[in-house]
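One structure below.
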Amino acid sequence: TLLDTRTVPGELKWAASPSEGGWEEVSIMDEKNIPIRTYQVCNVLEPNQNNWLRTDWIPRSGAQRVYVEVKFTLRDCNSLPGVTGTCKETFNLYYHESNEDRESYIKESSFIKVDTVAADESFTQVDVGDRIMKLNTEVRDVKVTTRKGFYLAFQDVGACIALVSVRVFYKTCPLTIRNLATFPDTITGADTSSLVEVRGSCVNQSEEREEPKMYCGADGEWLVPIGGCFCSPGYEEKGGACKACSAGFYKAKSSDAGCFKCPPHSHSVRDGATVCDCHSGFFRADSDPPSMACTQPPSAPQQLISVVNETSVVLEWAPPRRLGGRSDTSYSLDMVARSQLCLPCGSDVLFSPGQTGLKTSRVVVSELRAHTHYTFIVHARNGVSQASGAGAAQSVSVSVTTNQAAPSPVSSILAIDVTRHSLSLSWQQPDRPNGVILEYEVKFYEKDQKERSYRIMRTFSRSVDVTGLNPLTVYVFHVRARTAAGYGEFSAPFEFSTNSGIHAVKFSSCRACIKVYVQKRSKYSKTKQDSEEEKHLNPGVKIYVDPFTYEDPDQAIHEFAKEIDVSSIHIEKVIGMGEFGEVCSGRLRVQGKREIYVAIKSLKAGYSDKQRRDFLSEASIMGQFDHPNIIRLEGVVTRCKPLMIITEYMENGSLDAFLRKHDGQFTVIQLVGMLRGIASGMKYLSDMSYVHRDLAARNILVNSNLVCKVSDFGLSRVLEDDPEAAYTTRVRRKIPIRWTAPEAITYRKFTTASDVWSYGIVMWEVVSYGERPYWDMNNQDVIKAIEEGYRLPAPMDCPVVLHQLMLDCWERERAERPTFSQILNMLDKLIRNPGTLRRTGGDRYIITLQPWSVCEWLQSIGLERYRDTLAAAGYTSLDSLLALTHQEMDRLGIITPSHQNILIASVQQEVLSQMQHMQHSMVPV
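Quick note: the sequence shown, position 43, residue 43 per the UniProt record's numbering, numbers continuous.
Encoded structure:
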């Protein structure tokens, strides 16, 4: 309340004009018989009354709209004889804003009229005699925002009126707590429809989950709570406050619903625990969640037995009697060798399936030395074996002595003399003779004859002269050694050729005479061999195998895809048309498994062998993938017609159509979550050395949980119905221009880096809700624009960090683009820190469109070269650029057609985005 005449002690002493014969200050009794000071006037007999009464200066105390409550009584003109035409039953309310209270004289013209106030009830002479007070109460609101305070004025124009009381007040939304955030006492806005946005602050022992906001309405009511806070770890919500978890309870994360009782074998002795401490003798691994019970290391393995087979030992044991309450028990082996020669164990000993991290309780140890005493120690560990105070892993041991064994193969053969009809060969003793070598056996044959006809020679030494050979002929040699335990295995094949006899040469250098034998290629192509080599170099990494390397496509499909009995498939409806035939939805019921919904692609009748191979190749590709963000192949039908490919069913269809249908309905975090799923799937594909070549939102499918999965692995697919969508290269292969990296368009260099470029376009499609990349530009203009440095601008409301990631994906040099692993890490950081997504690229334009914004905008689209040209012609704001035409740009010297198209399309898109953004910001939430 800024003024209440009922509470003012003594006289009011307001300024009245005229000072005599107008408003008069008097004392009266109010309706509760309490004496108050009022003003009254009753000049009803004289015409043209203009009596003013002005209050003292009233400070507005930060209020933007004040309310004036006037309680008054008014005499009925009909009850006054002889006042026809001069008596009024209304008065006027005025105000005047001022920064100080020393204005002794204020012109009537400087006051602003608020309203003409009329009485709902008037009194008569009879009412006065009966002392019936008919009190009127009227409230008017006044917007006061330009000065520190204001005056009120009451104008009488000929009424018989008494101002019983005047109260001036403003409204506030009172201090409140919502969603664990405190919102302070807030003054309402200047307009009756305005909403004042207020940011709340988290209560004690809480932290922000999403920025807490509310809006203070003009009537003093809080509206539209947004966001809020979580109680910090160790605290839970009770009665709008965060209270500490009591002893015996804990809360590990702020997002947890409340405090939980300590899990088994743990306790908390103080209030506010975020984790419960383990009891003595129990432990928790670093990776164990706080909700997991504390556990113990396992006891030693039991019943270790060994079986010796020459130089191999089979070890088997039973699991520990006590697993410690965990299911992650693993085993490892140590080995100690003891012999008369005191030889070390050696790194050539083989452990199958391995030496550490074993989940199985059986290991075969091979390549041991003969007649050697070994001790094997089997350790049992689990997740808490290394925890502080847990002690060493529990173990059990066994000792064995290996038997006599055949020697290992000879590792190399040298040709030390070559003539027209003979070869002199030598070799080193096997790495592991496993006893005394009694003799060597040499097997050889002409290379062209393979092993259909061969000869055997035996020698006690480590060399042999082979005679009776044909000139200029390649021979293949194998050597093996024999001990008392028998013959070892033959060596790998080594090839040597006799000469013509014209220049017989005796080689004295091993480098000159060694010829390394290269194994004959298998049925797989170089692609598959390279893949196998990569697998060997990177154990545990699965490498994609191109199905077209198989001579028989049925071999590939049966290796990578499961054959499904057609009786297990129930087709329900047609959902689309593919390149090869209809696409249907239906159900798949495999014996022993639950029924699932699936998508079914079928190969139409009358197909060619090439169409059949291309159709099945997609299944051969999909069947190699197993990832939650890659479309899953359920199986194929190839043993009856029509041929079918069965995949999981994605309820929401393609991502581009899904986004267009739900334009603007997702949060930025949801969109980033979709992009994260796509990046995860592409990282998996790139790790397998698979290049997609056609990554686009139309080839991403979305299920009912909004999980995005990469699809469309066909090699002969139709890219789009739009003939402008693909560009045919010199080898007549269509390329989706708008999604393809420059090097892939120009040189057909498709790599994971070109897939990264395509992923950047997919990001743009997702954030723009399925808008067409490069809008209506034709393909040639797109190619030229990209070559000249143009890149797609940020979509409306696109966070700066996301557009920067897009630009990184569109680096001209493919080595400069991020990997999918780096992209995935970046998106994970954004999801963990959503505050980084709040600043959008459009923010710098929405406040004001200054001339420098044109320069920055030109730089963002790669056309900064025209900055001075446009500025000299008077185009200094984005609004003015809307008037640009092709003819005007020709006049200015901007004659490149692709640059003209980019300027017109981009400025229209930018201004439209700003207008839409401003419209959104004006709508109350």
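Quick reminder that beta carbons are idealized off the backbone N, C-alpha and C, glycines included.
Beta-carbon to beta-carbon, Pro297 and Val378 are separated by about 15 Å, too far to satisfy the 8 Å threshold.
Within the model, the alpha-carbon separation for Leu659 versus Gly770 is close to 5 Å. By the CB criterion at 8 Å, Cys245 and Glu236 fall inside the cutoff.
In the same chain as Tyr649, and ignoring 5 residues on each side of it, the C-beta atoms closer than 7 Å to its own belong to Ser585, Tyr597, Val598, Ala599, in chain order. For Asn779, no beta strand (DSSP E) segment is defined; the enclosing uninterrupted segment is the alpha helix (DSSP H) at 779 to 787. For Pro547, the three-state secondary structure derived from DSSP is helix. A Cβ-Cβ separation of about 14 Å leaves Ile621 out of contact with Gly681 under the 8 Å criterion. Secondary structure within the stretch 561 to 615: the beta strand (DSSP E) runs of 3 or more consecutive residues, fully enclosed, are 569 to 577, 582 to 588, 596 to 602 (chain order). DSSP places Gly234 in the coil class of the three-state scheme, outside both helix and strand.
CA-CA distance, Phe111 to Gly10, rounds to 27 Å. Within a 10 Å sphere around the beta-carbon of Pro547 sit 16 or more other beta-carbons, which makes this residue buried. Contact between Thr5 and Val166 holds, with the beta-carbon distance rounding to 5 Å and staying under 8 Å.
Contact between Arg60 and Gly149 holds, with the beta-carbon distance rounding to 5 Å and staying under 8 Å. Arg147 is the residue among Arg147, Leu74, Gln64 whose C-alpha sits nearest the C-alpha of Asp101.
Here DSSP, grouped into helix, strand and coil, assigns Trp14 to coil. Taking 8 Å as the cut-off, the Cβ atoms of Ala485 and Gln404 count as close.
Nearest neighbour of Arg178 by Cα position, chosen from Thr145, Val139, Tyr215, Leu152, turns out to be Tyr215. According to DSSP, Glu25 shares a beta bridge with Tyr39. Under DSSP, Thr375 takes part in a beta bridge, and its partners are Val336, Ser399.
The C-alpha of Asp141 is placed about 26 Å away from the C-alpha of Gln49. Excluding five sequence positions before and after Arg482, the CB atoms of its chain that fall closer than 6 Å to its own CB belong to Leu438, Glu439, given in chain order. Counting along the chain, no beta strand (DSSP E) covers Trp739, and no H or E run does either. Around Thr186, the same chain offers Thr172, Cys173, Val196, Val198, Cys216 as residues with beta carbons nearer than 8 Å, after the five sequence neighbours per side are excluded. Proximity of the stretch 602 to 617 to the stretch 684 to 693 falls short of the contact definition, fewer than three beta-carbon pairs being nearer than 8 Å. Per DSSP, Ser461 is not a residue of any alpha helix (DSSP H), being assigned neither H nor E. Cβ neighbours of Ile902 within its own chain (closer than 7 Å, five residues either side excluded): Ala785, Tyr790, Ile861, Leu863.
Exclusion of the five residues before and after Leu884 leaves Tyr875, Leu903, Ile904, Val907 as the residues of its chain whose Cβ lies within less than 8 Å of its Cβ. Apart from the 5 residues on each side of it in sequence, Val26 sits with its Cβ closer than 7 Å to the Cβ of Thr38, Gln40 in its chain, given in chain order. Around the beta carbon of Arg594, fewer than 16 other beta carbons sit within 10 angstroms, so the residue counts as exposed. Here Leu45 is not near Ser122, since their CB atoms are 8 Å or more apart. In this chain, the beta strand (DSSP E) harbouring Lys443 covers 439 to 446. If you draw a 10 Å sphere on the C-beta of Ile569, you find 16 or more other C-beta atoms in it, and that means buried.
By the beta-carbon neighbour count (other beta carbons within 10 angstroms, threshold 16), Gln804 is exposed. Rounded to the nearest angstrom, the gap between the Cα atoms of Glu310 and Val349 is 14 Å.
In this structure Tyr331 is buried. Its beta-carbon is surrounded by 16 or more other beta-carbon atoms within 10 angstroms. For Ala481, the enclosing beta strand (DSSP E) starts and ends at 474 to 483.
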